[in-house]
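First residue of the sequence shown? That's 1041 in the working numbering, and the numbers climb one at a time after it.
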Amino acid sequence: MSALLEKIDETAAGIKSAFGTLPEILVVAGSGLGGFAATLANAKTVSYDKLKNFPVSTVVGHAGTLVVGECAGKPIIVMNGRKHLYEGVDINVTTLPLRALLRAGVKIVILSNAAGGLNVKFDVGDLMLITDHINNMAKNPLIGANLNEVGPRFPDMSQPYDRKLMDVARKAALKQGITLREGVYIAGTGPSYETQAEVQMLRMFADAVGMSTVPENIVAVHAGARVLGISVITNSLVQRTDVKTTHEEVTEVGKISGKKFTALVEEIVRSL
Ligand code: HPA
């Protein structure tokens, strides 16, 4: 067994001993969306620093806790905050928590993030269903010896976000009266936000831009999990060009849209 898989399994064992049998549904809560975990009933929380090999995020707005509890009466697990590539660690480090959770039994992964709007029709505070993505990070978490016990060397990526789950999300949004935009998410490493020239380029290919989610999607698809992705549009990069993007704005809007996000995810989980 590879050293990486041994490390992943060591973390998976730690997660199992902390929580017992793990729920099959995981929600990864992005920037400013930490409030979602607080809505779980009968919650049990463990800090990342208590879990072996879990990288702790240094970013404001990322709690760094794993929470198991009930959402719409169903058991789920929430990764409250994530480590990003721009924090200066290897992509195998940022994706290790998710890989461990997948080894520990997670089958459905709901990824969320804060993203900048590239589609002029998207307003600040909108939620966007990720229909597809572009990896613009010049890094792939599957580079290196393949983990044959997890998935194939060359995984198909023609449908990285599960079509049935997308339908569930659309119906859930309708039921909750939430406008759900749809589009392509493009991920860069950050941490600098986009220049105007980069925005002009990126808007030709995608509807929203962020600094996460794509590596997580790749390891989840590799492991055979079903993935859903939701972006919160925390700022528009195209509606006005005289507005500066700040991390404070990103996390504040995340928090404000958090209620909508929680209502949507609750309805999705209810329908699963
Ligand atoms: N660019 C990149 N990542 C982001 C942005 C943005 O404008 N907003 C939130 N995450």
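For each residue, glycine too, the CB sits at the ideal point set by N, CA and C.
Pick from the options that is closest to residue i, judged by C-alpha positions
{"i": "Leu-1062", "options": "Thr-1051, Val-1108 and Asn-1082", "result": "Val-1108"}
{"i": "Lys-1215", "options": "Glu-1046, Ile-1116 and Ser-1311", "result": "Ser-1311"}
{"i": "Glu-1110", "options": "Asn-1132, Val-1067, Val-1208 and Asp-1196", "result": "Val-1067"}
{"i": "Asn-1120", "options": "Arg-1266, Phe-1094, Ile-1048 and Lys-1161", "result": "Phe-1094"}
{"i": "Arg-1221", "options": "Gly-1128, Thr-1051, Leu-1167 and Tyr-1201", "result": "Leu-1167"}
{"i": "Ser-1057", "options": "Met-1041, Lys-1090 and Leu-1080", "result": "Lys-1090"}
{"i": "Ile-1048", "options": "Leu-1187, Asp-1163, Ile-1273 and Ala-1227", "result": "Leu-1187"}
{"i": "Val-1164", "options": "Thr-1229, Glu-1289, Val-1096 and Ile-1308", "result": "Glu-1289"}
{"i": "Asn-1275", "options": "Arg-1243, Gly-1184, Gly-1294 and Gly-1156", "result": "Gly-1156"}
{"i": "Gln-1279", "options": "Arg-1122, Val-1160 and Asp-1130", "result": "Val-1160"}
{"i": "Glu-1046", "options": "Glu-1189, Asp-1202, Ile-1296 and Ala-1227", "result": "Glu-1189"}
For residue j and residue i, believed in contact at Cβ under 8 Å, the rounded distance
{"i": "Ala-984", "j": "Val-1149", "result": "The chain is shown only over 1041 to 1312; residue 984 falls outside these bounds and no answer can be derived."}
{"i": "Ala-1248", "j": "Leu-1158", "result": "6 Å"}
{"i": "Leu-1138", "j": "Glu-1256", "result": "5 Å"}
{"i": "Asn-1132", "j": "Leu-1044", "result": "6 Å"}
{"i": "Phe-1301", "j": "Val-1283", "result": "Not confirmed; about 23 Å, so no contact."}
{"i": "Glu-1064", "j": "Ala-1212", "result": "Wrong, their Cβ atoms sit about 18 Å apart, outside the cutoff."}
{"i": "Thr-992", "j": "Leu-1151", "result": "Residue 992 cannot be examined here, being either before or after the span of the chain that is shown, 1041 to 1312."}
Collapsed DSSP secondary structure at residue i in the structure displayed
{"i": "Tyr-1225", "result": "strand"}
{"i": "Gly-1074", "result": "helix"}
{"i": "Lys-1084", "result": "strand"}
{"i": "Ile-1218", "result": "coil"}
{"i": "Thr-1105", "result": "strand"}
{"i": "Gly-1294", "result": "helix"}
{"i": "Gly-1165", "result": "coil"}
Beta carbon of residue i nearer than 8 Å to that of residue j
{"i": "Val-1086", "j": "Thr-1098", "result": "no"}
{"i": "Ala-1237", "j": "Ile-1174", "result": "no"}
{"i": "Leu-1125", "j": "Met-1206", "result": "no"}
{"i": "Ile-1055", "j": "Ala-1154", "result": "no"}
{"i": "Phe-1076", "j": "Ala-1083", "result": "no"}
{"i": "Leu-1277", "j": "Ala-1209", "result": "no"}
{"i": "Pro-1200", "j": "His-1262", "result": "no"}
{"i": "Gly-1191", "j": "Gly-1264", "result": "yes"}
{"i": "Thr-1229", "j": "Met-1244", "result": "no"}
{"i": "Ala-1078", "j": "Ala-1144", "result": "no"}
{"i": "Lys-1147", "j": "Arg-1266", "result": "yes"}
{"i": "Ile-1183", "j": "Val-1309", "result": "no"}
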